[in-house]
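Shown next, in structure tokens, is the structure this report addresses.
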């Protein structure tokens, strides 16, 4: 599952992906999978429905590297509000009704 997600994320990032960052992507996948599985009370065996949410969170996390701890960023005349990616991932899973009750 992790390798498939990694390939899809790298393909989606296109030219924004820096060659040699595969281990960073894998680390982010592991972190986001842990959050997704614990939030949804699922595991790899029954968590395939979480893949789109995990991929989106990994892409966002990769693109926001270096801005950890910032709430907003203004550069070259553009202002961007940064989201809490982990919180957004958990909330998206809950809102989508993908959480299993224990």
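In the numbering used here, the protein residues as written are 5 to 106.
C-beta atoms are modelled at their ideal positions from N, C-alpha and C, and glycine is treated no differently.
Member of the options whose CA lies at the smallest distance from the CA of residue i
i           : options             : result
residue 34  : 21, 61 and 99       : 61
residue 5   : 52, 44 and 15       : 52
residue 106 : 55, 47, 100 and 32  : 47
residue 101 : 49, 43, 25 and 26   : 43
residue 27  : 10, 104, 91 and 103 : 10
residue 36  : 104, 99 and 95      : 95
8 Å contact criterion, which residue i and residue j should meet: CB distance rounded
i          : j           : result
residue 66 : residue 93  : Not a contact, Cβ separation roughly 14 Å.
residue 40 : residue 89  : Not a contact, Cβ separation roughly 12 Å.
residue 13 : residue 69  : Actually they do not touch by this definition, with Cβ atoms about 13 Å apart.
residue 16 : residue 104 : In fact, because the Cβ distance is near 28 Å, the residues do not count as touching under 8 Å.
Residue range of the alpha helix (DSSP H) that includes residue i
i          : result
residue 19 : Segment: none, residue 19 is in no alpha helix (DSSP H) and carries neither H nor E.
residue 49 : Looking at the DSSP string, residue 49 is not in any alpha helix (DSSP H), and its letter there is neither H nor E.
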